[in-house]
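Down below is the structure, laid out as structure tokens.
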Amino acid sequence: MPTYYVASDIGGTFTDTVVIDQDGDVGRYKSSTVPDNPAEGVLDTLVDAARERAVELGELLGQVEVFAHGTTIATNAMLEGRARRVGLLQTRGFGDTLTIMRGFKGIGLDEEDIKRFRTLVKQPTAVPRAMTEEITERIDYAGRVVCPLDEDDVRRAVRALRDRGAEVIAVALLWSFANDTHERRVSEILAEEAPELGVTLSSEFLPRIGEYERTLTTAVNASLRPVLKTSLDSFEHTLTRAGLRTGPLLMQSNGGLATFAEVEKRAAATVMSGPVGGVIASQFLGTRSGHRNVVTTDMGGTSFDVGLVLDGLPVMSNTTLIGRDELALPSVAVRAIGAGAGSIASVHNGVLQVGPQSAGARPGPACYGRGGELPTVADADLVLGYLNPDNFLGGRLTLDVERARAAIATHVAEPAGLSVEQAAEGIKTIVDSRMADLVRQVTVEQGYDPTDFALFAYGGAGPLHAFSYGAELGCPQIIVPITASVHSAFGIGCSDLTMVEEISQPMQTPPGTTDHAAALPPETLNATFDELAARATRDLVAAGADKDAVTYVRSVEIRFRAQIHVLTVTFDAGSHPLSAAEIHSMVERFVDQYEGRFGKGSAFVEGGVEITTFRVVATSPVPRAEFTTVAGGGAGTGRAAGTRPVFSGGGWHDAAVHRAEELHDGLTISGLAIVELTDTTVVIGPDQDAVVDGAGDLVITQRA
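Just so we're on the same page, this note's numbering is the position in the sequence shown counted from 1, plus 2.
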């Protein structure tokens, strides 16, 4: 009996699924997302997979050993204001923490918004001030009780929040990560006074320094837990009823998988987890093809997401940005803008703009014929000739050229005084430039040169636009993986069970010291790491992991004394006791990272350093077959199927058109050319060549 491994990514416009059999062959499937019932979109893809294998859906699902998926449930709940109403308990005198924020108004805004400084306003607080209650208690930075917990005051506060309509409670008391006794007692009182209210304690969920970030993230997690639980329960019930016999796993923003039971406790850890899958897939494929430095670019229907793989590892961030809120949760670093195939083009005051508003899955671009009337990037691509109206998504959707032309004419061409083709080219040029700018922000602003990176282009629209923004960046190779349109789903299929444990225990070295191990004793660091590793292992074993197969990566957040911002320094993988030499090396690498980020000579070495937070990432492999081939790689003649006129540079040009079934290993295609794959379209520019490699990927280079 065959065994299958399934991974699915539920995006804002499309749901992508990969099905991997026991021989390592990968099948790719795509359907429209059903916003009100995400499981329905997944089942649509699996129906196609079952039909391809000549079996019933229930039979296929019954043979699935691992089912993993990424979801936008938590992300959408935050962005659309559908999270639960939170009541927040804080130390007396600190109830305005969320209102004050960090003072900066520009978090989560693009450059154009930040330029309008006089009109900037802070984002609404995650918890309205009226839903925050202060309670009498105080613990200091060393974990000493300064003021005992007033239990009567806690009961008063809980009743007040319940009467105001709180559906869940978040508890974030001052310095609770140094001593959690007060928060634990508050939880016990809550169980007595309001057992119907879900509770999130900051000392359990996020025991780390940073009062505002810890409070915000705890409140967001509390608000998302019921939403995620309801959705996941419904999702699992639907799949189980259809025949699935294994418990689904969910993608986290840290790049690993977790069980539903675990993510229900850590709902905020799933925010922005969808784009992370693409970075993991690029890491996997890049390593296999010898590319250890990769820029990942994902252009879907709604957004354009950029990440980095540096020296074979995804670049991580200590925070997760969602909308205008920065959550204190480690994540694979992904930055996004509203630039996708569904991004709407418009003219304001004579200026053409593209995005960030999107037509979404419903009604979608005008050319979809589903009621959309506003012009989008996809409409422009169709008018310019890059898309084949009769072979979109392998012929499953016929595009309406006249609707696309009418939308562009009405909303862009006529207001701007342009022809329809000129307006369409303007739309494409603007969105390509915006995407190139974002890649520069992720690379150049962090001290990296994009010409040192291979560029992976994926998502439904990425392969069509990468020839333009990749050339603008000067990347030596633009790689369109054969998994391009389902790349994030493929990355989810490459991921393993992962648990992250961290705690803030500040430790400093005195100014001027060179004996770092004396102030940062290895035995102290080892004891902290061992405790975190034990907690992470316990949770992984509870999720079904083999204790002996768990691997560990230890890291610290470190900064110069008297400074605010931290960098992360990672130790060699493993759980061996750290030595004095490794402590010294840690400080040296921190200085190197600091000067690489901020410039030579910027490091204040004489001031001493401070470790603020310890972190352990524990990983256990998920059973799966080794990937061998991806369905869709051709063994054809290499002949072009014909030509198609394309509007570029202000005029029409003939582009050679190649079909997926005619590609073969080693085939060279010279631009201007279009390659029509089953579920995406690749464009090769007029000064570019593309080679089909052994895996079926297209590798595009600039012609010498």
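Ideal Cβ positions, reconstructed from N, Cα and C, are used throughout, including at glycine.
If you pair each beta-carbon of the segment 438-449 with each one of the segment 294-311, do three or more pairs fall below 8 Å?
yes
Extent of the continuous beta strand (DSSP E) to which residue 339 belongs
Start at 1 with the first residue of the sequence shown, and residue 339 comes out as number 337. 336-339 is the extent of the beta strand (DSSP E) around residue 339.
Could you tell me whether the segment 512-522 touches the segment 607-615, where touching means 3 or more Cβ pairs closer than 8 Å?
yes
Measure the C-alpha to C-alpha separation of residue 52 and residue 135 and round it to an integer number of angstroms.
Taking the first residue of the sequence shown as 1, we reach residue 52 at position 50. Taking the first residue of the sequence shown as 1, we reach residue 135 at position 133. Counting only the Cα atoms, residue 135 lies some 54 Å from residue 52.
Kindly list the residues whose CB is nearer than 7 Å to the CB of residue 58, restricted to its own chain and excluding five residues on each side of it in sequence; keep chain order.
In the sequence shown, the residue the question calls residue 58 occupies position 56. Only 52 meet the Cβ criterion.
Out of 255, 84, 213, which one is the CA nearest neighbour of residue 232?
The residue labelled residue 232 in the question sits at position 230 within the sequence shown. When each option's Cα is compared against that of residue 232, the closest is 84.
Rounded separation between residue 685 and residue 186 - CA only
What you label residue 685 is simply residue 683 of the sequence shown in a count that begins at 1. What you label residue 186 is simply residue 184 of the sequence shown in a count that begins at 1. Those two C-alpha atoms are separated by around 58 Å.
Have a look at 182, 589, 168, 38 and flag the residue whose alpha-carbon is nearest the alpha-carbon of residue 151.
Along the sequence shown, one-based indexing puts residue 151 at 149. Residue 151 has its Cα closest to that of 182, out of 182, 589, 168, 38.
With three or more C-beta pairs closer than 8 Å as the rule, is the segment 36-51 touching the segment 287-300?
No, the segment 287-300 does not touch the segment 36-51.
With DSSP run on the structure shown, which of helix, strand or coil describes residue 496?
Taking the first residue of the sequence shown as position 1, residue 496 is located at position 494. If DSSP states are grouped into helix, strand and coil, residue 496 belongs with the helices.
CA-to-CA distance, residue 17 to residue 367, given in whole angstroms
Stepping through the sequence shown from its first residue, residue 367 is reached at position 365. Stepping through the sequence shown from its first residue, residue 17 is reached at position 15. The alpha-carbon atoms of residue 367 and residue 17 are separated by roughly 17 Å.
Exposed unless 16 or more other CB atoms sit within 10 angstroms - verdict on residue 102
Here the question's residue 102 lines up with position 100 in the sequence shown. Classification for residue 102: exposed.
State the DSSP-derived secondary structure class of residue 550, mapped to helix, strand or coil.
Start at 1 with the first residue of the sequence shown, and residue 550 comes out as number 548. If DSSP states are grouped into helix, strand and coil, residue 550 belongs with the helices.
For residue 332, count neighbouring Cβ atoms within 10 angstroms of its own Cβ and tell me buried if that reaches 16, exposed if not.
Here residue 332 corresponds to residue number 330 of the sequence shown, with the count starting at 1. Under this definition residue 332 is a buried residue.
Going residue by residue through the segment 48-90, where are the continuous beta strand (DSSP E) segments of at least 3 residues, counting only ones entirely within it?
66-72
Determine the direct distance from the alpha carbon of residue 662 to that of residue 680, and round the result to whole angstroms.
Within the sequence shown, residue 680 is the residue found at index 678, counting from 1. Within the sequence shown, residue 662 is the residue found at index 660, counting from 1. Going by the C-alpha atoms only, they are around 7 Å apart.
Go ahead and label residue 316 buried or exposed: buried means 16 or more other beta carbons lie within 10 angstroms of its beta carbon, across all protein chains shown.
Mapped onto the sequence shown, residue 316 falls at position 314. Residue burial annotation: residue 316 is buried, with at least 16 other C-beta atoms found within 10 angstroms of its C-beta.
Specify the secondary structure class of residue 268 as computed by DSSP and reduced to three states.
Numbered from its first residue, the sequence shown carries residue 268 at position 266. Note: residue 268 maps to coil in three-state DSSP.
Put residue 124 into one of helix, strand or coil per three-state DSSP.
The count along the sequence shown starts at 1 and reaches residue 124 at position 122. Residue state, collapsed to three classes: coil.
Measuring alpha carbon to alpha carbon, tell me which residue in 690, 433, 281, 271 is nearest residue 483.
Looking up residue 483 in the sequence shown gives position 481. Selected option, being the one with the closest Cα: 281.
If we call anything under 9 Å between Cβ atoms a contact, is residue 11 one with residue 490?
As a working mapping, residue 11 is identified with position 9 in the sequence shown. As a working mapping, residue 490 is identified with position 488 in the sequence shown. Their beta carbons are under 9 Å apart, which means residue 11 touches residue 490 by this criterion.
When DSSP labels each residue in this structure, what does residue 643 get in the three-state scheme?
Counting from 1 along the sequence shown, the entry for residue 643 is found at position 641. Residue state, collapsed to three classes: coil.
For the segment 538-595, which segments carrying the beta strand (DSSP E) assignment without a break, of at least 3 residues, lie completely within its bounds, in sequence order?
Secondary structure within the segment 538-595: the beta strand (DSSP E) runs of 3 or more consecutive residues, fully enclosed, are 553-562, 569-572 (chain order).
Roughly how many whole angstroms lie between the Cα atoms of residue 2 and residue 618?
No answer is possible for residue 2: it lies beyond the span of the chain, which begins at 3 and ends at 706.
Would you kindly report the start and end of the unbroken alpha helix (DSSP H) that includes residue 283?
Translated into positions along the sequence shown, residue 283 becomes position 281. Unbroken alpha helix (DSSP H) run through residue 283: 276-290.
So who's on the other strand from residue 30, going by DSSP bridges?
Numbered from its first residue, the sequence shown carries residue 30 at position 28. BP columns for residue 30 point to 20.
Let me check understanding here. Comparing Cα to Cα, which of 390, 455, 381 lies closest to residue 427?
As a working note, residue 427 is residue 425 in the sequence shown. Answer by Cα proximity: 381.
Which same chain residues end up closer than 6 Å to residue 319 when comparing Cβ atoms and leaving out the 5 residues on each side of it in sequence?
For this step, residue 319 is matched to residue 317 along the sequence shown. Once the five neighbours on either side are set aside, the close Cβ partners of residue 319 are 333, 335.
For residue 479, the three-state DSSP class (helix, strand or coil):
Working through the sequence shown from its first residue, we reach residue 479 at position 477. Residue state, collapsed to three classes: coil.
Helix, strand or coil: which one does DSSP assign to residue 424?
As a working note, residue 424 is residue 422 in the sequence shown. It is helical.
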